[in-house]
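Here the structure comes first, spelled out in structure tokens, and everything after it is commentary.
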Amino acid sequence: MGHSGELPTKQRSSRPFTRQMADTVRRPAVIRPDSRLPPVDSVGNRGVHSTVVSIGGAVARDEAGQGMAPARPGFDPELKAGLAVVGGFFPPTVTPDLIDYMREAYASPPIEDTLRGRAITLEDLTIAGYRGDPITVSVLRPARASGLRPGVVFTHSSGMMFGDRFSGIELVLEWIERLGAVMVTTEYRMAPECPDPYPREDCYAALEWTAATAEQLGIRRDRILIAGASAGGGITAGLALAARDRSGPALCGQVLDYPMLDDRGIALSTRQFDGVGVWDRISNETGWAALLGEARGGPTVSEYAAPARASDLGNLPPAFIDVGVCEIFRDEAVAYASGIWAAGGDAELHVWAGGFHAFDIFAPHTALSRGMIRTRDAWVEKIIED
Amino acid sequence: MQQLLAKISALDPEASLTLRVIACFDELIVGNVNTRALLSAAASLGGCNAGFRQDHPLRSIRVNPRGELLPTDGVEPDGLVQRADGLTVWLERDGPKHANDDMILERLALAVRIRCGQGRQDLDNRRDLGVILDGAVPIAERQLSASRLGLRPTAAYRVVAAPLFALWGSRPGGPEDVVPTAFGSLHAMVVAHDCTTVEATPAGLGIACGIEHLPHSFRTAVVALRLCSPPATPVINADEYGGLIGLLADAPADGHMPDVELLDDVMDHAWACPTLDALIRAGSLRQAARLGGVHHSTMQSRVDVITAMMGFDPIDGLGRTRLGIAYLVWRLRHSRVLELPAPNAAASA
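Listed in order, the protein sequences are those of chains G and V. Per my numbering, the first sequence runs over residues 240 to 625. Per my numbering, the second sequence runs over residues 3 to 351.
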């Protein structure tokens with residue numbers, strides 16, 4: 240793969256990653272759940288007491304290089320409990336040899352299960368992606384909608400390498416069911432087989448297609464929101480820049496959930512969470528290297544691929560940006576919001592204390608996730624509801 | 003999280019989901035999260051509604067798997083219910099019970115008991131059990147905490163220490179809590195002095211003493227726990243080692259102990275563990291050979307190797323004591339019992 244014009248192979252209908260393959264895919268080393276860390280440690284774990292009962296004997300073991308870890312804020316207790324469940328199966332550190340494993344581990348559950356009991360209809364369509372290649376999009380509609388509705392173009396989380404157009408979709412189904420939006424979600428081609436600009440330009444093609452066929456889709460052309468999480472959030476930020484610069488579709492807002500914005504990895508938070516949580520520095524380097532190859536970190540990377548590099552953040556649609564305090568993207572997200580403000584733009588930024596990357600996807604039942612989801616939904620409601 | 007568990011199962015059929023459920027509630031207990039958070043985790047793990055009722059004062063909570071509150075009026079739990087100390091928790095499972103339901107319910111009940119139990123009433127956010135086990139707290143304050151916990155000033159008790167992931171059979175009664183230590187958060191329980199073992203894997207029992215010395219009992223319990231080696235040795239009572247464990251409990255963690263460092267090389271031999279076990283238990287070379295299941299000439303040649311490496315004869319006079327202490331300290335320094343077993347290795351859990 241990776242040649243222009245080649246057909247995408249990761250269509251949902253023919254998932255290549257079978258159970259048999261899973262057995263041959265390298266598994267990550269089992270990550271020890273945080274439960275065995277000392278009660279007061281460099282991660283900021285709190286014991287339930289104000290003192291530590293000191294006990295003679297050997298010193299507490301150094302866990303995974305904790306002794307050399309930089310100062311970093313601690314995870315929310317409910318989220319730590321979530322990590323204890325996930326432990327080892329969604330490793331913090333994704334190296335290139337784990338890409339196939341992650342494709343198996345991060346594949347979304349059957350969409351029929353996700354939509355069961357919801358008043359949402361699903362239609363799969365093939366449209367022209369980057370360079371005219373066929374790609375699949377799904378259109379999700381409120382079952383009882385009539386007239387023109389707000390539109391959402393959704394870009395799934397992927398680390399640029401894994402997942403599918405339904406990954407994390409359950410968190411935005413409320414926008415369809417409750418707010419009445421029509422959602423288009425794109426099966427964009429991913430790295431390393433399809434490096435930059437395939438992922439973003441497939442998504443841009445889906446955005447243009449949505450705007451061009453808005454009436455047939457039941458979408459108000461003047462109320463199209465773009466939204467994405469993680470790598471999808473970075474792509475979404477790139478879509479907003481590209482739409483502005485190419486005089487593309489008018490956008491009423493951009494939702495950037497813990498977006499992957501900067502291939503250079505220069506923010507302090509990038510180096511703060513090695514080996515803990517979800518998606519650490521090494522994982523990020525793996526993702527960017529897959530997308531950009533040798534160009535990663537160099538002078539030739541496009542602003543659309545790495546929106547943190549954009550020199551002009553003016554004249555963008557209103558942005559909603561949320562991110563966890565305990566994740567490598569924290570400082571990139573804060574800087575991006577600051578850049579928009581500096582350019583006189585509209586950005587709302589929420590930084591959630593104790594949150595690791597994509598915590599709302601991994602542990603939606605927790606108080607922190609409920610707060611994040613509620614806050615995001617409220618902003619989207621404000622922007623798109625009739 | 004039920005979907006995550008299902009996915010983990012699909013990716014690795016050998017994975018112990020039970021341990022993941024336990025580890026999840028461990029974190030919630032240590033993090034001192036509220037009842038709704040505990041219920042939300044249970045509901046999320048189970049993929050069904052979970053509920054809680056406290057008799058005094060009356061208080062009910064129900065949540066769905068997304069952690070959202072549900073009405074509590076007229077809901078009578080049946081089936082998957084646990085009641086204790088005026089606290090009731092339940093899972094609302096339609097259809098047959100799932101494999102993890104019992105474990106989710108048990109851990110939820112434990113966590114709710116700790117969150118809502120008597121020990122939580124203190125003003126300074128420190129729980130009584132932690133207070134009576136902390137030798138740095140003035141004795142008068144510890145005695146106050148002890149009486150709040152219903153411990154009698156004239157009685158003797160011992161402390162049981164276990165990791166949060168320990169597997170329990172029946173539990174002895176007694177105040178219990180999660181207590182932070184240099185080795186991570188441990189489950190501590192105060193039991194009567196004549197309770198000499200517990201049905202738990204792994205667990206250590208401290209020496210019996212009055213309330214004043216419970217911090218020492220806890221330290222010896224932790225040493226005993228760290229000497230455990232399941233499945234062969236799931237439980238150790240500090241009494242078995244007399245005053246020795248007391249010495250170990252109070253020894254500085256990073257003390258320079260040349261005998262232990264010399265022993266490091268001996269332990270490279272495959273025969274080292276059973277041989278040293280036999281030597282420190284036996285009264286003679288022949289008895290050591292019998293305990294170790296080897297011919298006495300084999301035992302003799304091993305003793306010769308040990309003598310050469312350590313620089314003293316391990317079955318002669320003071321040498322026996324030196325070897326015994328060095329071996330115990332070596333075992334403590336290399337203890338793996340507080341590490342959560344790898345998921346694959348714990349299918350039996």
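Cβ atoms here follow ideal geometry from the backbone N, Cα and C, with glycine treated the same way. If you're wondering where the values come from, they're calculated on a predicted model, not measured in any experiment.
Between the beta-carbon of V180/V and that of I31/V there is about 5 Å, and that keeps the pair under the 8 Å contact cut. Not a single C-beta of chain G is nearer than 8 Å to the C-beta of Q289/V. In this structure, the alpha-carbon of E70/V lies about 27 Å from that of G402/G. For W448/G, the uninterrupted alpha helix (DSSP H) run begins and ends at 437–451, by DSSP. Listed along the chain, the chain V residues whose CB falls inside 8 Å of the CB of V564/G amount to none; the nearest CB is some 16 Å away.
Counting only runs of 3 or more residues that sit fully inside the region 25–85 of chain V, the beta strand (DSSP E) segments are 51–56, 61–65, in chain order.
Between L30/V and chain G, the shortest Cβ-Cβ separation is below 8 Å.
Runs of the beta strand (DSSP E) lying entirely within the region 193–243 of chain V, each at least 3 residues long, are 205–207, 237–239 in chain order. The beta carbon of C442/G is closer than 7 Å to those of T394, T425, Y427, I474, L478 in its chain, skipping five residues each way along the sequence.
In this structure, G49/V keeps its C-beta atom at 8 Å or more from the C-beta atom of P79/V. The C-beta of T605/G comes closer than 8 Å to at least one C-beta of chain V. For the alpha helix (DSSP H) assignment, the uninterrupted runs of no fewer than 4 residues enclosed by the region 344–369 of chain G are, from N- to C-terminal side, 350–354.
With fewer than three CB-CB distances shorter than 8 Å, the region 546–556 of chain G does not count as touching the region 517–524 of chain G. N239/V is classed as buried because its beta carbon has at least 16 other beta carbons within 10 Å across all chains shown. Taking a C-beta cut-off of 7 Å against chain V, the contacting residues of the region 309–324 of chain G are P316, E317, K319, A320, G321, A323, V324, listed in chain order. M301/V: member of the alpha helix (DSSP H) spanning 298–312, first to last residue.
Under DSSP, L188/V shares a beta bridge with P165/V, V181/V. In this chain, the beta strand (DSSP E) harbouring R459/G covers 458–468. In this structure, E214/V keeps its C-beta atom at 8 Å or more from the C-beta atom of G171/V. The three-state secondary structure of Q511/G, taken from DSSP, is coil. Per DSSP, P276/V lies in no beta strand (DSSP E) segment; the continuous alpha helix (DSSP H) that holds it begins and ends at 274–283.
Per DSSP, the beta bridge partners of I374/G are I366/G. Pairing L490/G with P556/G gives a Cβ-Cβ distance under 8 Å. The residues V262, in chain order, have a CB closer than 8 Å to that of R335/V in the same chain once the five nearest residues on each side in sequence are set aside. The alpha-carbon separation between M341/G and G88/V amounts to approximately 46 Å. Residue-level contact by beta carbon holds for F328/G and chain V, with a gap shorter than 8 Å. Between the beta-carbon of L387/G and that of I458/G there is about 6 Å, and that keeps the pair under the 8 Å contact cut. Spatial neighbours of E524/G in its own chain (CB-CB distance under 7 Å, excluding positions within 5 residues in sequence) are listed in chain order as G504. For G390/G, the enclosing beta strand (DSSP E) begins and ends at 388–394. Taking the beta carbon of Q5/V as reference, the chain G residues within 8 Å of it are P348, listed in sequence order. Residues E317 of the same chain have their beta carbon placed closer than 7 Å to that of A606/G, with the five preceding and five following residues left out of the count. Note: V268/V is not bridge-paired with any residue in the DSSP secondary-structure output. F220/V and A190/V do touch by the CB rule: their CB atoms are close to 6 Å apart, below 8 Å. The beta carbons of A529/G and M400/G sit closer together than 8 Å.
Between A43/V and A468/G the beta-carbon gap is near 23 Å, outside 8 Å, which marks them as no contact.
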